[in-house]
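To convert, take the position in the sequence shown, counting from 1, and add 508; that gives the numbering used here.
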Amino acid sequence: MTSLNQWLNQQPNQDLGALIDSLAQVCTEICTLVRRGPLAEFQGAAGNTNVQGEDQQKLDVITNDMLIAALKQTPSCRAIASEEMDHAIEANPNGQFLVVFDPLDGSSNIDINMPTGTIFSVLADLPDASLDDKFLQAGTKQLAAGYVLYGTATILALTLGSGTHFFCLDPATGVFELTESNVSIAAQTQEFAINASNQRFWEAPMQQYIAQCLAGAEGARGKNFNMRWVAAMVGDVHRILCRGGVFNYPFDHKDPSKAGKLRLLYEANPMGLLIEQAGGKCTTARQRILEIEPSSLHQRVPVVLGSLEEVNLIGELHRQFDAKKA
Ligand code: AFP
509 MTSLNQWLNQ QPNQDLGALI DSLAQVCTEI CTLVRRGPLA EFQGAAGNTN
559 VQGEDQQKLD VITNDMLIAA LKQTPSCRAI ASEEMDHAIE ANPNGQFLVV
609 FDPLDGSSNI DINMPTGTIF SVLADLPDAS LDDKFLQAGT KQLAAGYVLY
659 GTATILALTL GSGTHFFCLD PATGVFELTE SNVSIAAQTQ EFAINASNQR
709 FWEAPMQQYI AQCLAGAEGA RGKNFNMRWV AAMVGDVHRI LCRGGVFNYP
759 FDHKDPSKAG KLRLLYEANP MGLLIEQAGG KCTTARQRIL EIEPSSLHQR
809 VPVVLGSLEE VNLIGELHRQ FDAKKA
């Protein structure tokens, strides 16, 4: 067995390794809290809304505070941004890394004992930029990305830009152990994930894609599809890293002020790097996510990610649609 610590010690950037180790440590504490379920008396709404106008759960606020406290004690962390904070905050003046995270993705799952997770992305500091602007870097600039999935087992999926690797938390020792190196996503799939209740708001090419999947063996695709939706992106992305598939949170017309539901900096970018490093693809259906130049900390983007051929097909349907309109 190789522990996360041993694995990080073999990596070229030891400062980055120490930062990842701090993140993993605080996620084991978050895991302990989440695992207590109703016994922790932290379930339910906090009574606040975050900058996105979403209701915060008590655990959103608590886990956010836990991550901030841990990162402030990690000298290499310069600044912190989070789904739960309007603006970035200082960590350590001499730090070289920026950390942006969603402390508890899928928090609507907390009260029903379903999977949640912590998603994080690490960037290099931009010394001359203001605090918020430091984080406005394309996803290709990420030095590391990962998530910790609090599911039936607690799994860290991590990339430092060279492969995606799984580490499972051993509850007996509190140590993350390497369980799979260089995860690889099959290029083809017969499984898709989408919140179908938004169907009437999707654009025509996404309608067309899902209709073809639903038509199954008798339709244009000539094969049957299965569907899954965890309502926590960490769960859906983890399933795709394990057995392939495609995850869609597409552009829709539900709310004209939002170009999609998911957030670029702490959802789409880290998941995009993990997926690409496992041989998959991550786009908006029209553009590679990791090449988007962010314009704001909490920017939203449409997301299509997973098995290469399926993401390519969805892209092609959008390209044909756009070409007809032009
Ligand atoms: P919450 O963290 O607010 O529960 O949102 C989770 C999430 O951002 C993402 O993890 C899911 O894929 C998506 O929202 C689920 O959205 P629906 O509400 O449309 O199912």
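The beta carbon of each residue, even a glycine, is placed where N, CA and C say it ideally should be.
Worksheet item: Which runs of the alpha helix (DSSP H) spanning at least 4 residues fall entirely within the stretch 755-796, listed in chain order?
Response: 777-785
Worksheet entry | Neighbouring residues (CB closer than 5 Å to any heavy atom of ligand 1) | D613, G614, S615, S616, N703, A739, A740, M741
Worksheet entry | G814 - containing beta strand (DSSP E), residue span | 811-814
Worksheet item: Can you find at least 3 beta carbon pairs, one from the stretch 537-547 and one from the stretch 692-710, that sit closer than 8 Å?
Response: No, the stretch 537-547 is not in contact with the stretch 692-710.
Worksheet item: Taking the continuous alpha helix (DSSP H) assigned at A712, which residues delimit it?
Response: 712-723
Worksheet entry | Span of the alpha helix (DSSP H) around S530 | In the DSSP annotation of this structure, the continuous segment of the alpha helix (DSSP H) that includes S530 starts and ends at 522-543.
Item to complete: Assuming D529 and N513 form a contact by the criterion Cβ under 8 Å, report the distance between their Cβ atoms to the nearest whole angstrom.
Response: 6 Å
Worksheet item: According to DSSP, is G823 helix, strand or coil?
Response: Of the three classes helix, strand and coil, the one that applies to G823 here is helix, per DSSP.
Worksheet item: Are the beta-carbon atoms of I693 and S815 separated by less than 7 Å?
Response: yes
Worksheet item: So, using beta-carbon positions, are F674 and E688 closer together than 7 Å?
Response: yes
Worksheet item: For L634, does the three-state DSSP call read helix, strand or coil?
Response: coil
Worksheet item: Do you know how far the Cα of T667 is from the Cα of A776?
Response: 14 Å
Item to complete: Check whether the stretch 827-834 touches the stretch 795-807, taking contact to mean three or more Cβ pairs, one atom from each stretch, closer than 8 Å.
Response: No, the stretch 827-834 is not in contact with the stretch 795-807.
Discussion item. Would you call the stretch 797-812 in contact with the stretch 748-760, where contact means no fewer than 3 C-beta pairs closer than 8 Å?
Written reply: yes
Discussion item. Using C-beta distances below 8 Å, list every residue in its chain close to E724, excluding the 5 sequence neighbours before and after it, in chain order.
Written reply: The residue you asked about is not Glu; residue 724 is Gly in the sequence shown. So the list reads K731, N732, F733, once near-sequence residues are dropped.
Worksheet item: What is the rounded straight-line gap between the Cα of A487 and the Cα of G787?
Response: With the chain running from 509 to 834 in the structure shown, residue 487 is simply not present.
Fill in: Contacts around Y774, its chain only, beta-carbon distance under 8 Å, and the 5 residues preceding and following it disregarded
Within the same chain, Y774 has close Cβ partners A589, S590, E591, V608, F609, D610, I627, F628, S629.
Fill in: Residues near G823 by beta carbon distance below 8 Å, same chain, minus five either side
T791, A793, R794, V812
Item to complete: Measure the CB-CB distance between L749 and V691 and report whether it falls below 7 Å.
Response: Yes, Cβ-Cβ distance for L749 and V691 is below 7 Å.
Item to complete: Give the secondary structure of A704 by DSSP, where H, G and I count as helix, E and B as strand, and everything else as coil.
Response: helix
Item to complete: Taking 7 Å as the cut-off, decide whether the C-beta atoms of Q565 and A548 are in contact.
Response: no
Discussion item. Let me check you understand the geometry: is the CB of D640 closer than 6 Å to at least one non-hydrogen atom of ligand 3?
Written reply: Among the ligands present in this structure, namely ligand 1, ligand 3 is not found.
Item to complete: Return the first residue and the last residue of the alpha helix (DSSP H) that D619 is part of.
Response: First-last for D619: undefined, no H or E at that position.
Worksheet item: Whose CA, out of R729, L722, N703, lies closest to the CA of M741?
Response: The shortest C-alpha to C-alpha distance from M741 to any of R729, L722, N703 is the one to N703.
Practice prompt. Would you give the residue range spanned by the alpha helix (DSSP H) that H806 belongs to?
Written response: Unbroken run through H806: none, as it is neither H nor E.
Worksheet item: Can you check whether the CB of L527 is closer than 7 Å to the CB of T582?
Response: yes
Worksheet item: With 16 as the cutoff for other CB atoms within 10 Å, does M574 come out buried or exposed?
Response: buried
Worksheet entry | D568 - DSSP class collapsed to helix/strand/coil | Judged by DSSP in its simplified three-state form, D568 adopts helix.
Worksheet item: Quick one: what's I663 bridged to in DSSP?
Response: L657, C676
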